[in-house]
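Q: In this note's numbering, the protein residues as written are 223 to 940. Beta carbons: idealized from backbone N, C-alpha and C, even for Gly.
#1: Leaving aside the five residues before and after residue 375 along the sequence, list all residues of the same chain whose C-beta is less than 8 Å from its C-beta, in chain order.
#2: If you draw a straight line from the C-alpha of residue 331 to the C-alpha of residue 826, how long is it?
#3: Of all the options 618, 664, 833, 843, which has the alpha carbon lying nearest to the alpha carbon of residue 807?
#4: What residues in its chain sit with their C-beta under 6 Å from that of residue 475, if we drop five residues either side in the sequence?
#5: Quick one: what does DSSP say residue 930 is sitting in, helix, strand or coil?
#6: Below 6 Å CB to CB, which residues in the same chain sit around residue 870 once its five sequence neighbours on both sides are set aside?
#7: Where does the unbroken beta strand (DSSP E) through residue 790 begin, and where does it stop?
#8: Relative to the C-alpha of residue 413, which candidate in 387, 300, 504, 632 has its C-alpha closest?
#9: What separation, rounded to the nearest whole angstrom, lies between the Cα atoms of residue 515 and residue 287?
#10: Is it true that the region 896-914 meets the region 848-857, where meeting means three or more beta-carbon pairs spaced less than 8 Å apart?
#11: Does the region 852-859 touch the region 807-822, meaning 3 or more C-beta pairs lie closer than 8 Å?
#12: What does DSSP give as the partner residues of residue 913 in its beta bridges?
#13: Starting from residue 500, trace the alpha helix (DSSP H) both ways and give me its first and last residue.
#14: Within 10 angstroms of its Cβ, does residue 353 collect 16 or more other Cβ (buried), or is it exposed?
#15: Cα-Cα, which of 466, 574, 358, 547 is closest to residue 559?
#16: What does the alpha-carbon distance come out to for the pair residue 676 and residue 667?
#17: Along the chain, where does the alpha helix (DSSP H) that runs through residue 447 open and close?
#18: Can you list, in chain order, the residues of its chain with a C-beta nearer than 6 Å to that of residue 430? Leave out the 5 residues immediately preceding and following it.
#19: Check whether the Cβ atoms of residue 443 and residue 511 lie closer than 9 Å to each other.
#20: Spell out a yes or no on whether the region 420-438 and the region 378-393 are touching, meaning 3 or more CB-CB pairs, one atom from each, closer than 8 Å.
#21: Does DSSP classify residue 853 as helix, strand or coil?
#22: For residue 863, which three-state DSSP category applies?
#23: Please name the residue or residues paired with residue 813 in a DSSP beta bridge.
#24: Within 10 Å of its beta-carbon, does residue 479 have 16 or more other beta-carbons around it, so buried, or fewer, so exposed?
#25: Assign residue 663 to buried or exposed, taking buried as 16 or more other Cβ atoms, counted over all protein chains shown, within 10 Å of its Cβ.
#26: Taking only runs of the alpha helix (DSSP H) that begin and end inside the region 512-581, which ones reach a length of at least 4 residues, in chain order?
#27: Which stretch, first to last residue, makes up the beta strand (DSSP E) that contains residue 288?
#28: Which word fits residue 403, buried or exposed, when buried means at least 16 other C-beta atoms lie within 10 angstroms of its C-beta?
#29: Residue 283 to residue 897, Cα distance in whole Å?
#30: As an exercise, report each continuous alpha helix (DSSP H) stretch of at least 4 residues that is fully enclosed by the region 348-408, in chain order.
#31: Let me know if residue 938 comes out buried or exposed under the rule of 16 or more other beta-carbons within 10 Å of its beta-carbon.
#32: Quick one, are the C-beta atoms of residue 834 and residue 927 less than 9 Å apart?
#33: With a Cβ-Cβ cutoff of 9 Å, do residue 300 and residue 336 count as a contact?
#34: Can the beta-carbon of residue 395 be found less than 9 Å from the beta-carbon of residue 357?
#35: Considering residue 901, what are the terminal residues of the alpha helix (DSSP H) in which it resides?
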């Protein structure tokens with residue numbers, strides 16, 4: 223997503239959600255809450271709940287949640303369903319703001335289910351708010367479904383204000399999905415809805431301005447630049463009319479990007495500088511940093527480098543006030559562009575290194591968010607499948623009960639007369655056929671749901687494989703400098719050899735003029751040239767080995783297995799980590815025994831050994847004195863045992879129970895993802911093996927991996 227698009231969406235959310243504003247302390251005594259809940263309705267109730275939860279949001283996590291739960295308890299004691307629905311939804315919003323997505327999901331769904339027994343306004347209100355939540359966790363199809371449901375309900379009850387907000391929010395979802403034509407159409411519908419609101423609120427006017435800006439953005443990304451400029455100008459005039467300087471700055475930013483695309487740099491510069499002054503005036507330092515960097519990029523395009531540097535220096539001073547990594551990303555991109563333009567490549571390389579580090583951090587955060595989103599979607603699918611399965615089972619049970627009751631009646635009726643018995647038997651036969659058809663239909667439903675569950679499990683496995691590959695790429699990113707150093711050493715041999723070879727050839731060329739000198743020096747020159755070529759060949763062979771190991775490790779993992787040599791896999795991991803081993807002055811001791819080949823994934827096992835050895839290198843970095851890394855292999859009862867140990871500080875017993883949990887790490891922030899050992903354990907389990915740690919505090923640590931030669935590994939007793 224471009225910075226412009228991100229800014230537009232964030233501005234929308236800021237206009238909608240006022241939770242971030244601290245509120246004064248609220249009286250949350252149960253009797254006071256119950257009395258207010260009994261008399262407040264609709265907008266008044268929502269305003270009161272908003273003040274309560276803005277206050278809760280400013281509290282620490284545990285106090286905040288206790289505060290929200292106390293409010294919900296008081297709401298439940300009133301017995302008013304509308305109050306309980308909105309209070310439960312507000313608690314879900316509180317959980318979400320505090321970062322507890324699973325609890326937020328549970329509260330929003332509970333509120334939505336409870337709202338189905340309420341009036342249309344309440345059902346529409348709940349559908350609107352759960353769509354905000356779904357959009358926030360990137361479940362866009364679900365958000366679109368709920369916002370359309372809300373629009374239908376608000377249209378039915380004639381609530382023009384909320385109908386306007388629903389249509390406006392739907393246009394934002396289309397915009398995020400890059401469906402620009404539908405976003406334009408929906409924005410225009412929202413604009414017409416706004417004109418029917420008798421007394422627009424400040425939030426309504428802000429969204430009205432935003433709807434015009436959204437149309438301009440859609441035309442911009444559709445390359446209809448004249449139409450885009452027309453709608454931007456309409457939005458600018460509206461922001462002036464409604465006295466909204468924040469949106470005025472955002473829209474002029476949008477116009478600046480349009481002018482940059484048209485290469486009208488002076489016009490773009492004027493628009494962006496306005497946004498910079500506006501951000502500074504309202505103490506929005508993150509936005510000011512972003513706009514200052516943008517001014518610098520435009521000045522760089524105009525080759526006004528000294529002015530660009532001034533704005534970049536201003537952005538640098540504002541950078542500590544920004545918590546958004548996208549702003550930092552944009553700043554370092556501007557710094558790299560200016561350095562490249564000035565041919566200051568050393569500074570450009572430094573800026574690009576910063577840029578890549580921030581991108582890696584954003585990528586890991588995005589992967590984690592996607593994993594949480596997929597887990598929620600999986601939970602929704604499982605819940606729906608379980609509900610359908612339960613319904614099918616209940617219907618089958620009801621049919622069985624009915625059939626048994628009918629058979630008892632047949633038995634009693636047979637005592638009366640033979641004729642009645644024949645009639646009942648015939649009826650039972652017909653009913654049995656109908657029951658059988660119904661049972662067959664239900665069995666087909668159960669089989670279909672079972673297939674859907676199987677597919678969901680397969681999708682989750684694929685997501686896990688993607689996470690393994692992402693963690694592998696993060697590890698390679700950390701090792702890039704060391705690998706570059708490893709490759710640079712043989713390249714220096716090659717470069718030196720080429721220079722020496724050139725010198726020998728020059729000497730032979732000079733001696734060619736004097737046959738006596740040529741005959742005297744020819745044999746020695748040939749020997750020197752052969753030695754030089756041998757040195758170059760060795761350098762090429764060393765470089766080729768490093769690159770082949772790097773390609774081997776970075777290749778996506780395959781599901782198939784193959785016959786592999788465990789020692790070759792260990793050596794591949796050691797080659798990649800060789801630079802870090804040298805840097806840490808670590809002595810590697812290898813105790814390899816003769817091992818048979820095993821059926822396994824070489825890529826996955828190499829990742830396991832690399833994760834364990836990298837952790838050992840980190841631990842040995844804390845040791846004063848000799849640093850030893852011991853790698854031993856052995857064959858015991860058709861089980862290959864690989865031991866990797868160090869003489870580091872060891873692992874406390876309390877941490878040994880958690881060391882292989884996902885996202886658990888003892889490293890500093892930015893030096894570990896907490897996924898290495900968790901992923902390694904999963905890989906070894908998939909190979910029917912085992913992975914355990916043996917350590918005493920202060921006496922080093924030993925990681926023991928057992929892999930079967932044939933079949934699975936039984937629980938280790940030795």
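A: Looking at the coordinates:
#1: 342, 343, 345, 346, 349
#2: 39 Å
#3: 843
#4: 497
#5: strand
#6: 841, 842, 845, 922
#7: From DSSP, residue 790 is part of no beta strand (DSSP E) but of the alpha helix (DSSP H) over 788-798.
#8: 387
#9: 39 Å
#10: no
#11: yes
#12: 927
#13: 487-503
#14: buried
#15: 574
#16: 14 Å
#17: 447-463
#18: 416
#19: no
#20: yes
#21: strand
#22: strand
#23: 854
#24: buried
#25: exposed
#26: 527-540, 547-563
#27: Not the beta strand (DSSP E): residue 288 falls in the alpha helix (DSSP H), residues 283-300.
#28: exposed
#29: 26 Å
#30: 362-379, 382-398
#31: Its pLDDT being 43, under 50, residue 938 is placed unreliably by the model, and the measurement read from it follows with that caveat. When all chains shown are included, residue 938 counts as exposed.
#32: yes
#33: no
#34: yes
#35: 898-908
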